[in-house]
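Protein chains in written order, with the numbering used here: chain D, 24 to 219; chain V, 154 to 236; chain P, 156 to 373.
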Amino acid sequence: MIAYKFLAAGRTGPFTGYVWPERQWVDAPSSREGAGVHACRIADLPFWIDHELWQIELAGPVVERETQVEARRGRLAGRVGSWDARALAEFAVHGALRARDLAVLALGDAGIRSDALARAVTLQETRVVLESLPALSGVPAEMAAYAREACTRALDGAAASATHMAAVAAVALLGPTGFAAERSIQSRWIAERCGL
Amino acid sequence: MTRRVPEELTCAEMVRLVTDFLEDALSLEDRTHFEQHLVFCKGCAAYVRQMRKTIEASSALKGEGLSAEAQAELLRLFKGTCK
Amino acid sequence: MDDLRAAAASAEDARILDALRAGDEKAFLALVQSLNGPMLRVASLYVSSRGVAEEVVQEAWVGVLSGLPRFEGRSSLRRWIFGILANCAKSRGVREARSTPFSDMGPRDDEDEPAVDPSRFLPPDHPRWPGHWSAPPTAWAEEQVLNKESLAVVEAAIAQLPMNQREVITLRDVLGWNSAEVCESLGLSEGNQRVLLHRARSKVRGVLEKHFGAGGGR
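Encoded structure:
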């Protein structure tokens with residue numbers, strides 16, 4: 024099976040600190056469930072954002088779980104070069120602007136016009152508009168707050184945080200299914216951006 | 154009450170679970186949620202890193218050894234025991 | 156992997172034992188020198204002063220030497236030596252406690268304060284982020300963590316811990332024993348050991364955080 028794996032800079036496993044060799048097979052350190060080689064299907068990518076994205080070849084039985092797959096062996100097949108600092112920054116912007124879009128929907132539902140918010144292009148602009156909205160309450164207030172926070176995170180370059188906020192905001196507006204729906208939009212964004 | 158995504162861990166829970174995480178004592182499900190939280194939360198990532206550094210500092214503590222006289226005394230004792 | 160390591164360790168034990176039984180002074184001194192620091196640290200857990208700890212370590216070596224002919228290698232040499240040491244240190248500690256009006260063994264491990272001040276988290280009724288950081292920790296200047304001053308802070312923080320937490324963090328983190336060794340040596344369940352380790356590490360981290368002046372964050 025071919026899957027994907029996010030790694031920290033220098034092919035480093037983000038939780039184990041293990042430095043992955045390139046193109047060499049690596050065996051799971053133990054046969055215990057959970058101790059195998061973890062990887063992502065395309066739909067799992069938004070949950071595991073990091074600096075490097077690799078294509079990984081998996082072997083042995085592969086267990087599929089909610090947000091990851093696990094195999095007994097894996098081999099980094101090649102780096103996805105299009106996932107770079109710029110893509111990461113754009114992904115952060117995507118998250119923040121999605122949170123903004125959801126806020127625009129919430130405001131519209133409440134009969135509040137927000138053309139300036141809908142039209143804002145940059146994060147700074149979006150944040151300024153969000154901060155100048157009239158006093159809000161209830162869901163619109165909450166959605167505006169998520170969007171503002173997501174802009175702040177994105178401006179800090181915290182892509183995983185900004186996109187997570189968008190997914191949580193989607194729950195506030197759409198209910199429990201909003202989270203998975205937003206994550207799925209994000210995974211499609213990554214796949215398209217990187218040509219996966 | 155307003156936990157939007159019930160299966161996610163809060164930062165307060167992360168702090169409670171950090172040793173179980175570092176000791177590899179979390180269930181697979183909890184560990185996955187723990188790791189996902191680390192991906193999006195800078196504060197918790199810093200917290201876990203600080204815990205790792207704290208452990209490293211403890212392991213770097215040096216004790217002094219026995220004094221030279223005490224060691225000489227032990228050696229005399231050893232000679233006396235093994236004839 | 157663990158089996159391999161255990162086999163290598165017991166071969167090493169056998170080599171040392173043979174040398175000791177043959178009266179090899181160099182082997183004895185090498186053993187003393189390698190265990191000396193850790194033994195003093197363990198002894199210091201139970202007695203009041205450095206001087207008394209030295210005496211306890213001496214006493215333990217006397218016990219080790221007299222027990223050597225009968226040692227059957229059922230546990231590792233190191234574990235056996237530390238077992239003797241812990242017995243010596245604890246009985247010495249008990250005698251000390253009887254002769255001093257206030258034994259300074261630190262507080263007992265009663266129901267503990269939380270690992271992090273609850274005011275650093277948003278309240279449970281926060282509309283968006285209940286239980287998330289309001290004052291998150293900020294990254295440390297990591298090159299400072301291992302400098303002399305920080306290590307002194309860590310040493311002092313460990314000394315302030317309740318006895319059972321101090322035992323666990325000393326054996327696990329300072330001396331680097333694994334959890335099975337610590338559980339056996341202290342008669343703790345895995346879970347209990349982890350709870351004590353968690354409290355101990357959390358407090359030491361908190362003290363280091365204050366030391367680095369990052370308490371409130373932004």
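Glycine residues also receive a C-beta, built at the ideal position from the N, C-alpha and C atoms.
This structure is a prediction, so every number in the text was calculated from the model and none was measured.
{"Check": "Run through DSSP, which three-state label would residue 226/P get?", "Outcome": "coil"}
{"Check": "So, are the CB atoms of residue 60/D and residue 94/D less than 7 Å apart?", "Outcome": "yes"}
{"Check": "Got a sec: is the Cβ-Cβ distance from residue 226/P to anything in chain V below 7 Å?", "Outcome": "no"}
{"Check": "Assuming residue 156/V and residue 57/D make a contact with CB atoms under 8 Å, what is their CB distance in whole Å?", "Outcome": "The pair is not a contact, with the Cβ atoms about 25 Å apart (cut-off 8 Å)."}
{"Check": "Using the beta-carbon of each residue, which ones in chain P are nearer than 7 Å to residue 168/D?", "Outcome": "283"}
{"Check": "Does chain P have any CB closer than 7 Å to the CB of residue 189/V?", "Outcome": "no"}
{"Check": "Any chance the region 159 to 171 of chain P sits against the region 201 to 219 of chain P, with 3 or more Cβ pairs inside 8 Å?", "Outcome": "no"}
{"Check": "Grouping DSSP H, G and I as helix and E and B as strand, with all else coil, what is residue 79/D?", "Outcome": "strand"}
{"Check": "Pull up the CB-CB distance for residue 227/V and residue 187/P, whole angstroms please, since I reckon it's below 8 Å.", "Outcome": "6 Å"}
{"Check": "DSSP three-state label for residue 40/D, please.", "Outcome": "coil"}
{"Check": "For a minimum of 4 consecutive residues, which ranges assigned as the alpha helix (DSSP H) are wholly contained in the region 135 to 183 of chain D?", "Outcome": "138 to 142, 146 to 154 and 161 to 178"}
{"Check": "Tell me, please, whether the CB atom of residue 237/P is closer than 7 Å to any CB atom in chain V?", "Outcome": "no"}
{"Check": "Please report how far the alpha carbon of residue 119/D lies from the alpha carbon of residue 170/D, in whole angstroms.", "Outcome": "6 Å"}
{"Check": "Note down the Cα distance separating residue 36/D from residue 205/P, rounded to an integer number of angstroms.", "Outcome": "44 Å"}
{"Check": "Rank 226/P, 222/P, 287/P and 200/P by C-alpha distance to the C-alpha of residue 216/V and give the top, closest one.", "Outcome": "200/P"}
{"Check": "Using C-beta distances below 6 Å, list every residue in its chain close to residue 129/D, excluding the 5 sequence neighbours before and after it, in chain order.", "Outcome": "162, 163, 166 and 196"}
{"Check": "Specify the secondary structure class of residue 186/P as computed by DSSP and reduced to three states.", "Outcome": "helix"}
{"Check": "Give every residue of the same chain whose Cβ lies closer than 8 Å to the Cβ of residue 212/D, excluding the five residues on either side of it in the sequence, and list them in chain order.", "Outcome": "114 and 117"}
{"Check": "Determine the closest residue to residue 153/D out of 48/D, 168/D, 76/D and 184/D, with distance taken between C-alpha atoms.", "Outcome": "168/D"}
{"Check": "Give the residues of chain V in contact with residue 306/P, contact being defined as C-beta atoms less than 7 Å apart.", "Outcome": "210, 213 and 214"}
{"Check": "Spell out whether any CB of chain P is found under 7 Å from the CB atom of residue 160/V.", "Outcome": "no"}
{"Check": "Between which residues of its own chain and residue 248/P is the CB-CB distance below 6 Å, once the five residues before and five after are set aside?", "Outcome": "201 and 202"}
{"Check": "Whose Cβ in chain P lies nearer than 7 Å to the Cβ of residue 231/V?", "Outcome": "180, 183 and 220"}
{"Check": "Quick check on residue 27/D: buried or exposed, where buried means 16 or more other Cβ atoms within 10 Å of its Cβ?", "Outcome": "buried"}
{"Check": "Check the Cβ of residue 156/V against every Cβ in chain P and list those closer than 7 Å, keeping chain order.", "Outcome": "285"}
{"Check": "Could you tell me the distance, in whole angstroms, from the CA atom of residue 79/D to the CA atom of residue 173/V?", "Outcome": "29 Å"}
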